[in-house]
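Working notes, beginning with the structure itself.
Protein chains: 2
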Amino acid sequence: MGYKVAILGATGAVGREILKYLEEVNFPVDDLKLLASEKSAGKYMEFKGEKIKVEKVEEDSFKGIDIALFSAGASRSKKWAPIAVKSGAIVIDNSSAFRMEKDVPLVVPEVNEKDLKWHKGIIANPNCSTIQMVVALKPIYDLSPIRKIVVSTYQAVSGAGLNAIKELVDQTEFIIDIYKAYKDKLEDFKYIPYKNLPYVKEILKPGKIPYQIAFNCVPHIDVFMDENYTKEEWKMVKETKKIMHDDNISVCATCVRVPVFIGHSESIYIETQDPLKLEEIYLALEKAPGVKLYKDPRTYPTPVDVEGENKVLVGRVRRDLDNDRAYTLWVVGDNLRKGAAQNAVQIAESLIKLNLI
Amino acid sequence: MGYKVAILGATGAVGREILKYLEEVNFPVDDLKLLASEKSAGKYMEFKGEKIKVEKVEEDSFKGIDIALFSAGASRSKKWAPIAVKSGAIVIDNSSAFRMEKDVPLVVPEVNEKDLKWHKGIIANPNCSTIQMVVALKPIYDLSPIRKIVVSTYQAVSGAGLNAIKELVDQTEFIIDIYKAYKDKLEDFKYIPYKNLPYVKEILKPGKIPYQIAFNCVPHIDVFMDENYTKEEWKMVKETKKIMHDDNISVCATCVRVPVFIGHSESIYIETQDPLKLEEIYLALEKAPGVKLYKDPRTYPTPVDVEGENKVLVGRVRRDLDNDRAYTLWVVGDNLRKGAAQNAVQIAESLIKLNLI
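Chain order of the listed sequences is A and B. The number in the working numbering is simply the position in the first sequence, starting from 1, with 11 added. The number in the working numbering is simply the position in the second sequence, starting from 1, with 11 added.
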C-alpha cells in the first residue's frame with residue numbers, strides 16, 4: 012500500500028536529492044513519475060535499481076498522483092501546482108511561490124507539523140536558510156520565546172543549483188593557475204591580477220550581476236527588495252514568523268554567499284524573553300530530534316561535516332557577555348538535504364503519519 | 012630630517028606590507044634596519060630600489076633607532092619591546108602582547124589618535140578585525156553612542172601568515188583534482204570523499220587542530236578562552252571598549268575563517284542610544300576619512316575589492332526592521348594593510364604630526 016509520487020524538477024540539484032532521500036528512507040512509493048521541462052525530458056534516472064525516464068511535464072502529468080514534490084523554481088510552481096491539485100495530488104512545493112500565502116502551510120516537521128492539518132492541497136517547504144535556523148531555535152523558543160534574532164549566513168553555492176558548483180570549480184581553477192604562474196613571488200600574491208576573471212558563465216548572478224565567488228564572500232543572494240534587504244533575507248524574516256506562529260520575533264538577517272560547495276552555516280544571536288541557563292539550552296538542544304548538538308563547546312561543525320547529514324548541526328552555544336537573556340550559536344545544515352529535499356519528504360511522511368493523505 | 016626605523020619580523024606577511032607601505036607614503040626614513048629571527052636573517056629585501064640585508068635581532072639591534080615597528084608575534088614582542096624602549100626607540104607593536112596594558116595606548120589614528128599623547132614607549136596596534144570595525148563604527152558612534160554590537164566575521168587566511176595562503180592553495184588543488192576525477196558524476200559531487208585531506212601542513216591550526224579551510228568555513232580563530240569565546244573574539248570585545256573609551260559598548264563576536272586569501276569581511280549589527288536617520292549615518296560615513304562608503308545601498312564591497320585599499324569599505328547600510336535604534340552594515344578591510352601594516356605606519360605618522368617623537 013504505497014503512494015503514487017511525482018517529482019517536478021527531478022534533474023535539478025534538489026530533485027536528485029529528493030530521489031536519493033526517498034530511496035534512503037524507503038518511502039512507500041508505488042509508482043514514481045519524474046517530470047522536468049522539455050530540455051531535460053528523455054534523460055534516465057535511477058531509483059531503487061530501476062531506470063526511470065524523465066517525462067516532459069504536461070497538463071495530464073498529475074493524473075492519479077497522490078504526492079507531487081515540486082522543485083523547479085517559483086514560476087513553474089505557480090503554473091503547475093493548481094493543475095496538480097486539481098488532478099487530486101497534494102503538492103509539496105520547494106519554491107517560494109506559495110510560502111507566504113495565508114491558506115498554504117509552511118512546514119518544518121520538527122517545528123510545526125500540526126500546520127499540515129489545514130492544508131488545502133499545497134504545502135510549502137521553507138527556504139533552506141530558514142529551515143536550519145528554526146530547527147535549531149525551536150527547542151530554545153520552547154524554553155522562553157525568542158524576541159530577537161540577528162543572523163549572518165555563510166551559504167554554499169549549491170543553493171544556486173548544480174551549475175553553480177561547476178562555476179565555483181571553474182573560477183577556482185582559473186585563480187589557482189594564476190597563483191602557480193606567480194608562485195615564485197608568493198609575497199606579492201595580493202597584487203596578482205586575479206580579479207580579471209572570465210565571467211563566461213553567469214550562473215551566480217543575484218540581480219543579473221555576475222560576480223567572483225571563488226576566494227571571495229558576496230553579501231547578496233537573490234534580488235534586492237524593500238529596505239534594501241535581499242529576497243533571501245526577507246525570506247528569513249517572514250518565514251520564521253510564519254513557521255513559529257509569532258509575529259513578535261524580530262529578525263535581522265544578512266545573507267552571504269561563500270565559496271563552499273554544500274552546507275550553509277549561520278552565526279545566530281538571539282534574545283529570549285526570560286533569562287535561561289546555558290545548561291537548559293544544551294539539554295533542550297540535545298533532546299531535539301532534528302538537532303545534533305556538539306556538546307563540547309570548544310568543538311563545532313563546519314560545512315564539510317554536514318554533507319549527507321539529516322540533522323542540523325549546532326555548536327559554539329555561548330551566552331552573551333552582557334545581556335543575561337542573549338545567546339549565540341553556530342548552525343550548519345545540508346542545504347540540499349534538510350534545507351530542501353529531506354524536509355519535503357519529511358512533510359510527506361508527516362502527512363501519512365497524521366492520516367492527512 | 013628623517014627617522015631611523017627598524018622593522019622586527021620584516022620577512023613576515025605584515026612585515027613585507029609595512030615595507031611596501033613605508034615606501035608608498037614616502038615615510039621620512041633616514042635609515043632602515045630589517046630584523047628577524049635567525050631563520051630569516053641573511054635574506055635581502057628591497058626598499059626604494061635598494062637591497063637591504065635582514066639582520067638577526069640582538070640586544071644592541073635597537074641602538075639609535077627612533078621607531079621600531081614590531082610584527083613578529085606576541086612572545087617576541089614581550090622579549091624585545093622593553094629592550095628597544097630602553098635603547099630609546101618608540102615601539103609600535105602589531106602583536107597582542109601589550110594591547111590591554113593600562114599604560115599602553117591602543118590606537119587607530121582615525122578613532123583615538125589623541126591617546127598617543129600618553130604613551131610610555133610602547134604603542135599597540137589593535138587586532139585586524141577590530142581595526143576595520145572601529146573605523147567603520149566611530150562616525151556612527153559620534154552621532155549617538157553605540158550600546159550593542161553583534162558581529163560575525165569572514166576572515167581571510169592571510170591573517171594566519173604567508174604560509175596559510177600556500178596551505179589554502181594546496182588544499183584547494185587537492186580538492187579540485189578529486190572533483191575532476193569525478194567530473195562525469197557531477198550530481199554526486201556531494202558524496203565525493205574530499206574530506207580526506209592530507210593534513211600535511213598544519214598551518215591553520217587554532218588550538219593545534221589542523222583543519223580543512225578550502226571550500227569550508229571554520230568558526231575558530233586562535234585559542235578558546237573564558238566563556239568559550241576564542242581569543243580573536245575576546246580581542247574584538249576588549250579592544251573595542253579600550254579604543255572607543257567606553258566600557259558600556261557590549262560586543263558579541265563570532266570570528267570565522269573563510270577560504271579567502273586577503274580581506275576580512277564583517278557583518279555588523281549595532282544598537283545606538285538614540286534613533287538615527289539612515290541619511291545621517293550615510294552622511295557621517297561619507298565624511299569619515301578612513302571609510303569608503305558604497306553609497307548605493309544595493310552595491311557592496313567584497314574581499315577581492317579591498318586588496319591594496321587603504322580605506323575600510325562599507326556597504327549594505329540598512330536599518331533594523333523593528334528596532335528604530337538598530338542598524339546593520341557590511342564592512343571589508345585589507346587585513347594586512349589597514350588591519351596591520353598601514354595602521355602601524357599611520358601611528359608613526361601621527362606621532363610625527365603631534366610632535367611626540
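Using N, Cα and C, we set each Cβ at its ideal position, and we do this for glycine too. Everything numeric in this text was worked out from a predicted model, so none of it was measured.
- If you check the CB distance, A/Ala299 and A/Pro150 come in under 8 Å.
- Neighbours of A/Cys139 across chain B, judged by C-beta separation under 9 Å, do not exist; the nearest C-beta is about 14 Å away.
- Annotation for A/Val102: the continuous beta strand (DSSP E) segment containing it runs Ile101 to Asp104.
- Those residues of the stretch 244-257 of chain A placed with their C-beta closer than 8 Å to a C-beta in chain B are Val248, ordered along the chain.
- Proximity of B/Glu238 to chain A, defined by a Cβ-Cβ separation below 8 Å, is satisfied.
- Restricting attention to B/Gly344, B/Glu124 and B/Gly274, the CA atom closest to the CA of B/Ser169 is found in B/Gly274.
- In the DSSP assignment, A/Ser276 falls within the beta strand (DSSP E) that extends over His275 to Thr283.
- Nearest to A/Lys303 by alpha-carbon distance, out of A/Thr283, A/Pro286 and A/Arg327, is A/Arg327.
- Chain A places a beta carbon closer than 8 Å to that of B/Arg327, counting this residue as a contact.
- If you compare the alpha carbons of A/Gly60, A/Ser88 and A/Ile363 with that of A/Val68, the shortest gap goes to A/Ser88.
- Secondary structure of B/Gly20 (DSSP, three-state): coil.
- For A/Tyr311, same chain residues with a beta-carbon under 6 Å away, outside a window of 5 residues either side, are Tyr305, Gly326, Arg327 and Trp341 in chain order.
- Taking 8 Å as the cut-off, the beta carbon of A/Tyr14 is found no closer than this to the beta carbon of A/Asp104.
- A Cβ-Cβ distance of about 11 Å is found for the pair B/Asp126 and B/Pro137, leaving them out of contact under the 8 Å criterion.
- One alpha carbon belongs to A/Met255, the other to A/Leu80, and they sit about 23 Å apart.
- The beta carbon of A/Gln223 sits closer than 8 Å to some beta carbon of chain B.
- With its beta carbon at least 8 Å from every one in chain A, B/Phe58 lies outside the interface.
- Looking from the CA of A/Ala47, the closest CA among A/Leu19, A/Arg330 and A/Pro120 belongs to A/Leu19.
- Fully contained in the stretch 294-326 of chain B are the following alpha helix (DSSP H) runs of length 4 or more, in chain order: 314-317.
- Under a 10 Å Cβ-count criterion, A/Ala17 is classified as buried, with 16 or more other Cβ atoms of the shown protein chains found around its own Cβ.
- For A/Pro156, no CB of chain B lies under 8 Å from its own CB, so it is not counted at the interface with that chain.
- Per DSSP, reduced to three states, the secondary structure at B/Asp331 is coil, with no helix or strand assignment.
- Taking the Cα of B/Ile176 as reference, the smallest distance to any Cα among B/Ile292, B/Phe272 and B/Phe109 is reached at B/Phe272.
- Where A/Thr241 is concerned, there is no enclosing beta strand (DSSP E), because DSSP gives it neither an H nor an E.
- By the criterion of a C-beta distance shorter than 6 Å, A/Asp285 is surrounded in its chain by Ser155, once the five residues flanking it on both sides are discounted.
- Shown here, A/Gln223 sits in coil according to DSSP, grouped into three states, outside any helix or strand.
- Ranked by how close their Cα comes to the Cα of A/Leu296, the residues A/Tyr240, A/Glu282 and A/Val323 have A/Val323 in first place.
- If you draw a straight line from the Cα of B/Ala167 to the Cα of B/Asp345, it is about 9 Å long.
- A/Met56: member of the beta strand (DSSP E) spanning Tyr55 to Phe58, first to last residue.
- Within chain A, the residues Pro230, Thr265 and Val267 have their CB atoms less than 9 Å from the CB of B/Trp341, given in chain order.
- When the alpha-carbon of B/Glu243 is set against those of B/Ala264, B/Gly99 and B/Val180, the nearest one is in B/Ala264.
- The beta carbon of B/Ile187 falls within 8 Å of a beta carbon belonging to chain A, placing the residue at that interface.
- Counting only the Cα atoms, A/Asp233 lies some 20 Å from B/Ser276.
- For B/Tyr55, the number of other beta carbons within 10 angstroms of its own is below 16, and it is reported as exposed.
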